[in-house]
Structure formats: structure tokens, C-alpha cells
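Per numbering that gives the first Met the number 0, the very first residue in the sequence shown carries number 0; after that it's consecutive.
Glycine included, C-beta positions come from ideal geometry on N, C-alpha and C.
Please read all numbers here as calculations on a predicted model, not as lab measurements.
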Amino acid sequence: MTSRKGANGRPHTSRSLSASVDELPGEHASVSHATIANMVNGSKDNPTVDTILALCEALGGVPPAHLLPHDSYADLEALNAFENPQARRVLSLLQGLPESELRNVIADLERRRADLGLQQVKDSESTKAPGKRPRRRTRDEAAQYAADALEGL
Numbered sequence: 000m001t002s003r004k005g006a007n008g009r010p011h012t013s014r015s016l017s018a019s020v021d022e023l024p025g026e027h028a029s030v031s032h033a034t035i036a037n038m039v040n041g042s043k044d045n046p047t048v049d050t051i052l053a054l055c056e057a058l059g060g061v062p063p064a065h066l067l068p069h070d071s072y073a074d075l076e077a078l079n080a081f082e083n084p085q086a087r088r089v090l091s092l093l094q095g096l097p098e099s100e101l102r103n104v105i106a107d108l109e110r111r112r113a114d115l116g117l118q119q120v121k122d123s124e125s126t127k128a129p130g131k132r133p134r135r136r137t138r139d140e141a142a143q144y145a146a147d148a149l150e151g152l
């Protein structure tokens with residue numbers, strides 16, 4: 000929610016995102032602000048597909064993977080590229096190449112982008128916000144939560 004701006008130009012809150020879902024045209028799932036808040040804090044971790052698709056549309060058409068609880072899925076530029084079948088083909092071809100060869104391919108692509116006058120792509124590893132809170136429970140927290148649930152706590 001914080002990476003996408005609402006109609007007022009500020010990052011979404013659970014209430015503003017819920018309102019954006021309600022304003023979507025056509026048939027779609029209705030998502031309450033409480034459900035969104037519970038998803039954000041990790042207490043609701045199994046939303047329906049319709050809920051995910053409605054949230055993605057309300058967030059400006061982000062790919063559904065953007066809502067997954069892992070830092071690598073926060074790279075919206077890469078996820079949008081992955082929606083392209085040709086980009087997925089390139090990734091398949093790169094799979095299994097040695098690290099040194101991958102660096103050469105990256106350097107060649109950056110040179111080609113510069114030659115074509117295209118904007119350079121930011122390195123997602125170097126642009127991570129320091130001290131960023133994880134979007135969901137850690138493995139240890141999830142294990143403790145599961146153990147507590149089994150014990151009825």
C-alpha cells in the first residue's frame with residue numbers, strides 16, 4: 000500500500016484502499032478496511048483470489064505477486080517486466096548460467112539500453128530501504144504462532 004499512491008496523492012491506508020476497491024467499475028469483490036489491515040499485519044493470511052485481484056486493480060494494476068510476503072516481490076518494475084512472455088523466455092535462457100556469464104549479460108544489456116537512449120534500470124539490491132520491516136511474520140514467529148494455535152493458546 001505504501002508503494003502506490005491513492006487519489007489524494009498520498010500512500011494508501013487500509014480505509015482508502017478499501018474505498019478504492021469499492022469504486023472499481025463492474026463486478027468485483029468488496030474488501031473491508033479491517034480485512035486489509037489484517038492482511039497487512041499478517042493475521043489474515045489466506046485471502047481469496049477475487050480479493051487479491053480487486054486489491055491489485057485498486058492499486059493501479061499491480062501484478063498479484065506484488066502482494067506476496069517477500070522483499071523480492073516488492074520490486075514492482077521487475078514484476079511488471081515478468082508479465083511479458085518474452086521477458087520470461089529471457090529469464091529461462093539465463094537460468095543455469097555461471098555467475099560471471101550473468102554479469103557479462105547484464106553489462107551488455109545495460110550498454111544496449113544506453114545505446115538506444117533508454118532509461119537505465121535501478122539495481123533492486125542497492126535500492127532496498129535500510130531497516131525496512133518485514134511485511135509478514137518471520138519463520139520463527141510463524142512457527143511459534145502455529146505451535147500456539149495447536150496448543151490452543
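*Measure from the alpha carbon of His32 to the alpha carbon of each residue in His11, Glu26 and Leu52, then state which is nearest.*
The alpha carbon of His32 has as its nearest neighbour, out of His11, Glu26 and Leu52, the alpha carbon of His11.
Open item on the list: Using the three-state DSSP reduction, which class does Pro10 fall into: helix, strand or coil?
Closed with: Pro10 falls in the strand class under three-state DSSP.
Leu101 burial status per 10 Å Cβ neighbour count (16 or more: buried)
exposed
Exercise. Below 8 Å between beta carbons: does that hold for Asp21 and Ser29?
Worked result: yes
With a 10 Å radius around its C-beta and 16 neighbouring C-beta atoms as the bar for buried, classify Ile35 as buried or exposed. buried
| request: Taking His32 as part of the alpha helix (DSSP H), name the residues at either end of that continuous run. | output: His32 to Asn40
*asked:* For Lys4, list the residues DSSP reports as bridge partners.
replied: Paired residue(s): Pro10.
Answer with buried or exposed for Ser19, where buried requires no fewer than 16 other C-beta atoms within 10 angstroms of its C-beta.
buried
Run of the alpha helix (DSSP H) containing Asp114, from where it starts to where it stops: Element bounds for Asp114: Glu98 to Asp114.
Among Ala64, Gly95 and Gln94, which residue has its Cα nearest to the Cα of Ala80? Restricting attention to Ala64, Gly95 and Gln94, the CA atom closest to the CA of Ala80 is found in Ala64.
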